[in-house]
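Student: Below you will find the structure I want to go over with you.
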Amino acid sequence: MDVLNAWQDILGSENVLTDAVALQAAKTATFATTQRVLAVIRPDNLQDVQACVRIANQYKTPIYPVSCGKNWGLGSRVPVQDNCVILELNRLNRIVDYNEKLAYITVEPGVTFRQVYEYLREQKSNLFISVIGGSPNSSVVGNTLERGDGIGPYGDRLTYVCGFEVVLPTGECIHTGFGRFANAQTTSVSRWGVGPYLDGIFTQSNLGIVTKLTMWLMPIPKYFQTFTCVIQDGSRLANVVDTVQRLVLQETLKSNSFSFWNCYKFLARQGQYPWKVMAGKTPLSLKDLKGVEPWLGSGALYSASREQGLAERQVIEEALKGQVEQLIFTDSESYSGLFNESLFIGVPSDTNIKSTYWRKKIKIPSSLNPDRDRCGVFWLCPVFPFDGQLIAEIVPVLESIIKSYQFEPNIAINCTSGRSLHMFIALMYDRDVEGEDRLAMECYDSLLQRLIQQGYIPYRLGIQSMNALPAAQDDYGKLIRTLKQGLDPNNILAPGRYDFRSDWSD
Ligand SMILES: Cc1cc2nc3c(=O)[nH]c(=O)nc-3n(C[C@H](O)[C@H](O)[C@H](O)COP(=O)(O)OP(=O)(O)OC[C@H]3O[C@@H](n4cnc5c(N)ncnc54)[C@H](O)[C@@H]3O)c2cc1C
0 MDVLNAWQDI LGSENVLTDA VALQAAKTAT FATTQRVLAV IRPDNLQDVQ ACVRIANQYK
60 TPIYPVSCGK NWGLGSRVPV QDNCVILELN RLNRIVDYNE KLAYITVEPG VTFRQVYEYL
120 REQKSNLFIS VIGGSPNSSV VGNTLERGDG IGPYGDRLTY VCGFEVVLPT GECIHTGFGR
180 FANAQTTSVS RWGVGPYLDG IFTQSNLGIV TKLTMWLMPI PKYFQTFTCV IQDGSRLANV
240 VDTVQRLVLQ ETLKSNSFSF WNCYKFLARQ GQYPWKVMAG KTPLSLKDLK GVEPWLGSGA
300 LYSASREQGL AERQVIEEAL KGQVEQLIFT DSESYSGLFN ESLFIGVPSD TNIKSTYWRK
360 KIKIPSSLNP DRDRCGVFWL CPVFPFDGQL IAEIVPVLES IIKSYQFEPN IAINCTSGRS
420 LHMFIALMYD RDVEGEDRLA MECYDSLLQR LIQQGYIPYR LGIQSMNALP AAQDDYGKLI
480 RTLKQGLDPN NILAPGRYDF RSDWSD
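Written as structure tokens, this is what we have:
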């Protein structure tokens, strides 16, 4: 193919992959997909990316950029549409800038959370990056562009990033914020720049390829505490959720610093399905086995002194008194190891990834790869108002849909702000069990339809559901179409990705 030769001339043949093994891996997600991938191309720097994009335009060949490609549960590396070429950016893995005083780091798309963590350790930095519960080998840029969920006070990605470098679908390059000015001194410390604010349109979209961005880092607090508690069963959730809402709104608890996990989420993190106890049958029902389905709460406190920390702890203890059990705090003075092991303080861990092997009958391997090992995973990510009554009503509805498809309802709820909650529903299954791919997809679809019906639209989508949302009731689709046509006249960049043009009519 001429287009492949053209890319080979720029990147070398070793960075234009067309062999069957590479293509099979590239089109494999944690659920069933049918998209074919024509090739995987691997640029090394900004100029390569621009050249690759220009060639894609010349030959009208669609490309699908990924950073580290660990979008497990939402599509992995698989393009939304058939017959794309994957533009893999993990060779752009440089930490471009870091400033301890002003607390930021500038990274390329191949830079992983683990890499930033290790780099900051080497620098003896007093800062940490908000990590995710997913793979330490995920991309800081990729997670941001999906508007993923970070852990801890800086977890709301778009609030803490700026200074994007973007290759447009025509191959031109722009810098957001103040970055377009030759001598700008404030690109990494000020988000808005001067003029229209553009960063947002390059997230959850197909309007550009981000080749660099700055993420702000949080100071490691003088006194740090984590805590856990048990909520005996779902019927008590309403009060506890409302109590926590007040604590988050008044900022005793910071945003993204407290989450609720149901027992199935917790069990899947601790180990694999209890095949022996269940005599090989699925699903597991703790209600049938033990009579209760408890929830676990866990949070963190970031304080400038011991005194402040203890006062905050007291506020929490008083607020949760009588509502939760086993409220246990651990603090960094009595246990300094906390700084080396808590996700809340930016220590990445692949413990949660092990939960993708929940229903697998193989031993969890040392090198985790749910795509390769045919772990079935779907994430469904709705957002809700932070309201206890609502959560107490909606959770049983969702649980009963999931149970009716013979899966365990694996649910976590993250306190994103004092006003909203992000829910993560995981369908974990074994792709090697016949029929489960189909069943899980059907289960996902019914959950999604139910949520949409009630007005709870997901804040993030998997590749299989980019078309599943209702049409806009205004001219949103028309605006997106205008932007897309203006920026990508040949429609070569990530067709279908958060591509809400379809509802447009003139
Ligand atoms: C057990 C488990 C736990 C998880 N926990 C979390 C969590 O706590 N928070 C969370 O957010 N996610 C979580 N995830 C989901 C997912 O693994 C992460 O979001 C991960 O960051 C995505 O992979 P990545 O960073 O390698 O991004 P990629 O896969 O590289 O990128 C994601 C998508 O963004 C687009 N994109 C990527 N890079 C670019 C670019 N440079 N320019 C333009 N578009 C681009 C592409 O469409 C790509 O498909 C979890 C997954 C699992 C299985």
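Mapping of the sequence shown onto numbering that gives the first Met the number 0: residues 0 to 505, in sequence order.
Each residue gets a CB set at the ideal place from its N, CA and C atoms; glycine is no exception.
Note that this is a predicted model, so its numbers are computed, not measured.
(1) Between G233 and V394, which are expected to be in contact by the criterion C-beta below 8 Å, what is the C-beta distance as a whole number of angstroms?
(2) Along the chain, where does the alpha helix (DSSP H) that runs through S481 open and close?
(3) K69: beta carbon under 8 Å from a heavy atom of ligand 1?
(4) Threshold first: 4 residues or longer. Then list the alpha helix (DSSP H) segments lying entirely within the stretch 258-332, N to C.
(5) Just checking my contact of T29 with G72 at CB under 8 Å: how many whole Å lie between their CB atoms?
(6) Measuring only from the beta carbon, is F406 closer than 8 Å to any heavy atom that is part of ligand 1?
(7) Name the residue from L157, V240, A391, P64 whose alpha carbon lies nearest to the alpha carbon of R418.
(8) Which value, in whole angstroms, describes the spacing of the CA atoms of E398 and D330?
(9) On a CA-only basis, which of I173, I230, F385 is nearest L246? Give me that one, please.
(10) Using the three-state DSSP reduction, which class does S189 fall into: helix, strand or coil?
(11) In angstroms, rounded to a whole number, what distance separates the CA positions of E13 and V79?
(12) Can you tell me where the beta strand (DSSP E) holding K100 begins and where it ends?
(13) If you reduce the DSSP assignment to three classes, tell me which class F127 lands in.
(14) Hey, is the stretch 216-224 in contact with the stretch 89-105, meaning 3+ C-beta pairs nearer than 8 Å?
(15) Any heavy atom of ligand 1 closer than 8 Å to the CB of A425?
(16) Leaving out five residues before and five after D429 in sequence, what residues of the same chain have Cβ atoms less than 8 Å from its Cβ?
(17) What does the alpha-carbon distance come out to for the pair L119 and V188?
(18) Just how far apart, CA to CA, sit R179 and I94?
(19) Tell me the rounded alpha-carbon separation between Y475 and G194.
(20) Provide the residue span of the beta strand (DSSP E) that contains I424, from first to last.
(21) With N409 as the anchor, note down where its beta strand (DSSP E) starts and where it stops.
(22) Got a sec: does ligand 1 put a non-hydrogen atom nearer than 8 Å to the Cβ of D148?
(23) Going by CA-CA distance only, name the one from S403, G345, P64, N4 that's closest to P494.
(24) For V376, is the beta carbon positioned less than 8 Å from some heavy atom of ligand 1?
(25) Have a look at I9 and K211 and give me their C-alpha separation to the nearest angstrom.
(26) Going along the chain, which unbroken runs of the beta strand (DSSP E) with 3 or more residues stay wholly within the stretch 329-411?
(27) Starting from the Cα of G207, find the closest Cα among Y458, A181, Q184, L167 and give me that residue.
(28) According to DSSP, which residues form a beta bridge with W6?
(29) By the DSSP assignment, the alpha helix (DSSP H) with V52 in it spans what residues?
(30) Apart from the five residues on each side of it in sequence, which residues of its chain come closer than 6 Å, Cβ to Cβ, to S504?
(31) Let me check you understand the geometry: is the CB of F499 closer than 8 Å to at least one non-hydrogen atom of ligand 1?
(32) Please report how far the alpha carbon of E340 lies from the alpha carbon of D487, in whole angstroms.
(33) Per DSSP, what kind of secondary structure is C67 in: helix, strand or coil?
(34) Say yes only if the C-beta of F201 is nearer than 8 Å to one or more non-hydrogen atoms of ligand 1, and no if none qualify.
(35) Is any heavy atom in ligand 1 found nearer than 8 Å to the beta carbon of S416?
(36) Alpha helix (DSSP H) containing Y222: first to last residue?
Tutor: On the basis of the data shown:
(1) In the sequence shown, residue 233 corresponds to position 234, counting from 1. In the sequence shown, residue 394 corresponds to position 395, counting from 1. With a contact defined as Cβ atoms closer than 8 Å, G233 and V394 qualify at about 6 Å.
(2) If you number the sequence shown from 1, residue 481 lands on position 482. Just to set this straight, residue 481 is Thr in the shown sequence, not Ser. Counting along the chain, the alpha helix (DSSP H) containing T481 begins and ends at 475-486.
(3) Locating residue 69 in the sequence shown gives position 70, where the first residue counts as 1. Correct: K69 has its Cβ closer than 8 Å to ligand 1.
(4) List check, alpha helix (DSSP H) in window: 262-269, 285-289, 305-319.
(5) If you number the sequence shown from 1, residue 29 lands on position 30. If you number the sequence shown from 1, residue 72 lands on position 73. Right, the Cβ-Cβ distance comes to about 6 Å (below 8 Å), so this counts as a contact.
(6) For the purposes of this step, residue 406 is taken as the residue at position 407 of the sequence shown. For ligand 1, not one heavy atom lies less than 8 Å from the Cβ of F406.
(7) For the purposes of this step, residue 418 is identified with residue 419 of the sequence shown, where counting begins at 1. That would be V240, whose Cα lies nearest to the Cα of R418.
(8) Residue 398 sits at position 399 when you count from the first residue of the sequence shown. Residue 330 sits at position 331 when you count from the first residue of the sequence shown. One C-alpha to the other measures close to 35 Å.
(9) Working through the sequence shown from its first residue, we reach residue 246 at position 247. The shortest Cα separation from L246 among I173, I230, F385 belongs to F385.
(10) Translated into the one-based positions of the sequence shown, residue 189 becomes position 190. Coil.
(11) Counting from 1 along the sequence shown, the entry for residue 13 is found at position 14. Counting from 1 along the sequence shown, the entry for residue 79 is found at position 80. Distance between the alpha carbons of E13 and V79 is about 25 Å.
(12) If you number the sequence shown from 1, residue 100 lands on position 101. No beta strand (DSSP E) contains K100, which DSSP labels as neither H nor E.
(13) Here the question's residue 127 lines up with position 128 in the sequence shown. DSSP, read as helix, strand or coil, puts F127 in strand.
(14) Yes, the stretch 216-224 touches the stretch 89-105.
(15) Along the sequence shown, read from residue 1 onward, the residue named residue 425 stands at position 426. Under cutoff, so the answer is yes.
(16) Counting from one through the sequence shown, the residue named residue 429 turns up at place 430. Counting only Cβ-Cβ distances below 8 Å, and skipping sequence neighbours, we find R358, K359, K360, R373, C374, G375, E435.
(17) Reading the sequence shown from its first residue, position 120 is the one you call residue 119. Reading the sequence shown from its first residue, position 189 is the one you call residue 188. Each residue's Cα considered, the two are about 19 Å apart.
(18) One-based indexing of the sequence shown puts residue 179 at position 180. One-based indexing of the sequence shown puts residue 94 at position 95. Their backbone Cα atoms lie some 20 Å apart in a straight line.
(19) Indexing the sequence shown from 1 puts residue 475 at position 476. Indexing the sequence shown from 1 puts residue 194 at position 195. For Y475 and G194, the distance between alpha carbons rounds to 22 Å.
(20) One-based indexing of the sequence shown puts residue 424 at position 425. Note, I424: beta strand (DSSP E), 419-429.
(21) By one-based count along the sequence shown, residue 409 stands at place 410. Taken as a continuous stretch (DSSP letters only), the beta strand (DSSP E) holding N409 covers 409-414.
(22) Your numbering for residue 148 matches position 149 in the sequence shown. Answer for D148: yes, Cβ within range of ligand 1.
(23) Against the sequence shown, residue 494 aligns to sequence position 495. For P494, the nearest C-alpha among the options comes from P64.
(24) Looking up residue 376 in the sequence shown gives position 377. Yes, Cβ of V376 sits closer than 8 Å to a heavy atom of ligand 1.
(25) Start at 1 with the first residue of the sequence shown, and residue 9 comes out as number 10. Start at 1 with the first residue of the sequence shown, and residue 211 comes out as number 212. If I take the Cα positions, the gap works out to 21 Å.
(26) 374-384
(27) The sequence position of residue 207 within the sequence shown is 208, counting from 1. It is L167.
(28) If you number the sequence shown from 1, residue 6 lands on position 7. DSSP lists no partner for W6.
(29) As a first step, residue 52 must be located in the sequence shown, where it is residue number 53. Per DSSP, V52 belongs to the alpha helix (DSSP H) from 45-57.
(30) Position 505 of the sequence shown, counting from 1, holds the residue named residue 504. Caution applies to S504, whose pLDDT of 41 falls short of 50 and renders its modelled position unreliable; the model cannot decide the point.
(31) Here residue 499 is taken as the residue at index 500 of the sequence shown, counted from 1. Because no heavy atom of ligand 1 lies under 8 Å away, the Cβ of F499 does not count as near it: no.
(32) To locate residue 340, count along the sequence shown from 1; it is residue 341. To locate residue 487, count along the sequence shown from 1; it is residue 488. Between E340 and D487, the C-alpha separation is close to 44 Å.
(33) The residue you call residue 67 lines up with position 68 of the sequence shown. It is coil, neither helix nor strand.
(34) Residue mapping note: residue 201 aligns to position 202 of the sequence shown, counting from 1. Yes - ligand 1 has a heavy atom lying nearer than 8 Å to the Cβ of F201.
(35) The residue labelled residue 416 in the question sits at position 417 within the sequence shown. S416: no, Cβ never under 8 Å from ligand 1.
(36) Numbered from its first residue, the sequence shown carries residue 222 at position 223. Unbroken run through Y222 is the beta strand (DSSP E), 222-230; no alpha helix (DSSP H).
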